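Worksheet for the structure shown next.
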Amino acid sequence: MESTNYVVGFTLAMTVIVALTLSSLFYGTKDQVAQNADVFNKRAILSSISAKLDRPVADFSDEDVLSLFEEKVEQKVLNMNGEEVDGIRAEKVDIAKESKKAEEDRQLPLFIYNAGGEKIYIVAVRGSGLWDAIWGNIALQSDFTTVVGASFDHAGETPGLGAEIKDNPAFAKQFGGKKIYKDGEYVSVGVIKGGAKDLAYEVDGLSGATVTANGVDEMLYRGIKYYEPYFGKVKG
Amino acid sequence: MAEVTTAPVVQEKEPLFGKKERKLITDPLTDNNPITIQVLGICSALAVTSLVLPSIVISVAVIFVCAFSSLFTSLLRTRIPKSIRMIVQLVIIATLVTIVEMVLKYYSYPVYRQLTIYIGLIITNCIVMGRLEAFAMANKPWRSFLDGIGNGLGYGVILVAVALVRELFGKGSLFAGSPAEMKIIGASPDYMINTLAEGSWFGWYSNNNLMVLPVAAMFIIGIFIWIQRSRNPALVDVS
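Top line first, the protein sequences correspond to chains B and G. Last residue of the first sequence: 298 (my numbering), numbering continuous. Last residue of the second sequence: 264 (my numbering), numbering continuous.
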């Protein structure tokens, strides 16, 4: 049996070596990782308007994504009354943190894509899947009724099941052309288990991932509604 | 000047890739497979095998973690205090897994985002710690390293084999999410076999949703175990 001093000494030495290795690795990769995350998020936002881009988002290089964002995307931050908040860029708004605040204190990021005189409004939504958070970007035409496209992501849904909201392009593709107002009344886009019936306002759910699909449904209904005051102001 | 004469050290010759060393790599692939024979690492084999691409990435990560944790544990095996040896092994494993995570974040952020929780779960993969306890604590570094690679490979082979079956029959595709994606069978013209095409022999076919669920992996691994043991009755547990 080793002496207590040896055990303590060994533990300390091990801890110091491991801590130094990991923290130097962390600092060495920090900037690149932050940029990767930034590009990843912007790519997700752009893929919600892939119908309006000249090539698939996957074909854009990291630099292309950043420069396209710089040139064509206007960023706004709104409060819950639909008023613009100054002094902060939409890409800096952490929706995960915002969704923990009381509803009336939240800030909403809004991205406006300018394409040849046409404006596309991209709103961010966040909700819960089966295991963890899910979130997405929904692009709306300037009538604030017709959906241009959507993109989704998740923290920990099961690959092949709930993770299909992100991995299966066919799921997000369904949202193009849907309407979120039915006879002037807000209905959002329904995600329906067993298949959409009212094709103008509904999309098919995911077989084997009912909880995730219901989460998307709930997230869309609640999340897009947050932007209603702003829509009303713009429409006048 | 006193001449220093060192007695010739008689050492058992240990070739780099002798018969024993080769066996360390090949055994876990067949008669000592970590999943089908040692029945370790089942939990992650059920969870990540619904698609081939994540299975491959996880396999590579496990091979790396298994090989290097065996190497480091073996190097330290005479120094590690017996009373805290499992904690030390865990620290080694956790450090390597964290390094895998950082490397993925740096080089392939989308893949990292796809696998987030599963990468972390390698820490709890019983194969890694099982091999440290059973082999690396009692063997020399090079052999432990090979044993780690062998067991990582043995795990990976089963993982990818299960994923191939599950993705093909559950999704109708293979390698989805990678540039080598193949769409094999499904109800759209994108697939090699379009079940909706006129005169198709596969009009009756639809994807098996059971294959997408983790239970399917249980059945498939069970079938692998069955086949392996009926081919080699020596493996059958007679207890």
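Where a beta carbon is used, it is the ideal one built from N, C-alpha and C, also for glycine. All values derive from a computational prediction rather than experimental measurement.
8 Å contact criterion, which residue i and residue j should meet: CB distance rounded
i: B:ALA158; j: B:ALA195; result: 7 Å
i: B:GLY222; j: B:TRP193; result: That pair is no contact at about 14 Å.
i: G:TYR134; j: B:PHE88; result: Not a contact, Cβ separation roughly 15 Å.
i: G:SER69; j: G:TYR143; result: 7 Å
i: G:LEU121; j: G:VAL90; result: 5 Å
i: B:ASP215; j: B:LYS228; result: 5 Å
i: G:SER94; j: G:LEU157; result: 6 Å
i: G:GLY181; j: G:ILE88; result: 6 Å
i: G:LEU199; j: G:ILE209; result: 6 Å
Residue from the options with nearest C-alpha to residue i
i: G:GLU126; options: B:LYS240, B:VAL273, B:ASP260, B:THR91; result: B:THR91
i: B:GLY294; options: B:LYS181, B:LEU268, B:ASP205; result: B:ASP205
i: G:VAL82; options: G:ALA119, G:ASP172, G:LEU178, G:ASN57; result: G:LEU178
i: B:LEU128; options: B:LYS104, B:GLU280, B:ASP116; result: B:LYS104
i: B:ILE107; options: B:ASN230, B:VAL119, B:VAL80; result: B:VAL119
i: B:VAL296; options: B:TYR183, B:SER65, B:GLU125, B:LEU82; result: B:TYR183
i: B:SER213; options: B:THR207, B:GLN203, B:ASN230, B:VAL80; result: B:ASN230
i: G:VAL153; options: G:GLY224, G:LEU140, G:SER231, G:ALA92; result: G:ALA92
i: B:ASN176; options: B:ASP156, B:ALA201, B:ASP167; result: B:ALA201
i: G:LEU41; options: G:CYS151, G:ASN232, G:SER203, G:TRP167; result: G:TRP167
i: B:TYR243; options: B:ILE254, B:ASP260, B:GLY256; result: B:ASP260
i: G:ALA188; options: G:LEU54, G:VAL77, G:LYS45, G:LYS48; result: G:VAL77
i: G:ASP59; options: G:LEU184, G:PRO214, G:GLY202; result: In the sequence as displayed, the identity of residue 59 of chain G is Pro instead of Asp. Checked all of G:LEU184, G:PRO214, G:GLY202; the closest Cα to G:PRO59 is G:LEU184.
i: B:THR274; options: B:ALA262, B:LYS255, B:TYR288; result: B:LYS255
i: B:GLU166; options: B:GLU145, B:PHE173, B:LYS181; result: B:GLU145
i: B:MET76; options: G:ASN257, G:THR98, G:VAL237; result: G:THR98
i: B:GLY252; options: B:ALA225, B:THR220, B:ILE286, B:GLY270; result: B:ILE286
Length of the line joining the Cα atoms of residue i and residue j
i: G:LEU71; j: B:LEU74; result: 37 Å
i: B:GLU136; j: B:GLY238; result: 22 Å
i: G:TRP251; j: G:ALA259; result: 13 Å
i: B:PHE233; j: G:GLY228; result: 23 Å
i: G:VAL116; j: B:LEU140; result: 45 Å
i: B:GLN97; j: G:VAL136; result: 15 Å
i: B:LYS134; j: B:ILE111; result: 12 Å
i: G:TYR131; j: G:GLN253; result: 40 Å
i: G:ALA52; j: G:SER169; result: It should be noted that the sequence gives Asp, not Ala, for residue 52 of chain G. Cα to Cα, the separation comes out at about 14 Å.
i: B:ASP279; j: B:ARG188; result: 11 Å
i: G:ILE118; j: G:ASN164; result: 18 Å
i: G:ASP172; j: G:ILE50; result: 6 Å
i: B:ALA258; j: B:ASP116; result: 29 Å
i: B:GLY71; j: G:MET162; result: 20 Å
i: B:ASP245; j: B:VAL209; result: 16 Å
i: B:VAL185; j: B:ARG151; result: 14 Å
i: G:VAL128; j: B:SER190; result: 29 Å
i: B:SER161; j: G:ARG138; result: 21 Å
i: B:TYR289; j: B:LEU170; result: 8 Å
i: G:ARG110; j: G:LEU101; result: 10 Å
i: G:ASN234; j: G:SER203; result: 22 Å
i: G:THR149; j: G:ILE246; result: 20 Å
i: G:ASP56; j: G:PRO79; result: 26 Å
i: G:ILE218; j: G:LEU140; result: 30 Å
i: G:ALA186; j: G:ALA205; result: 17 Å
i: G:GLU268; j: G:ASN257; result: In this structure chain G extends from 26 to 264, so residue 268 of chain G is not present and cannot be described.
Helix, strand or coil at residue i [DSSP, three-state]
i: G:ASN233; result: coil
i: G:MET207; result: strand
i: B:PHE214; result: strand
i: G:GLU223; result: coil
i: B:LYS287; result: helix
i: B:LYS255; result: coil
i: G:SER264; result: Bear in mind that a pLDDT of 49 at G:SER264, under 50, signals an unreliable position, so the number given afterwards is only what the model happens to contain. The answer is coil: DSSP assigns G:SER264 none of H, G, I, E or B.
i: B:VAL265; result: strand
i: B:ILE111; result: coil
i: G:ILE60; result: coil
i: B:ALA201; result: strand
i: B:VAL40; result: Summary: the structure shown does not reach residue 40 of chain B, with chain B confined to residues 63 through 298, and so no result is reported for it.
i: B:LYS240; result: coil
i: G:GLU46; result: helix
i: B:GLU64; result: coil
i: B:GLU247; result: strand
i: G:ILE105; result: coil
i: B:PHE72; result: helix
i: G:MET26; result: Residue confidence for G:MET26 is low, a pLDDT of 47 falling below 50, so the modelled location carries little weight and cannot support an answer.
Chain-ordered chain D contacts of residue i [CB-CB under 9 Å]
i: G:LYS130; result: This model lacks chain D altogether, as its protein chains are B and G.
Proximity test, residue i beta-carbon vs the ligand HEM heavy atom, cut-off 7 Å
i: B:ASP194; result: Among the ligands in the structure shown, none appear at all, so the ligand HEM cannot be discussed.
**Prompt:** Taking the runs of the alpha helix (DSSP H) that are 4 residues or longer, which of them lie wholly in the segment 127-198 of chain B?
**Reply:** 157-160
**Prompt:** In the segment 151-205 of chain G, which residue ranges form an unbroken beta strand (DSSP E) of at least 3 residues, counting only runs that do not cross its ends?
**Reply:** none
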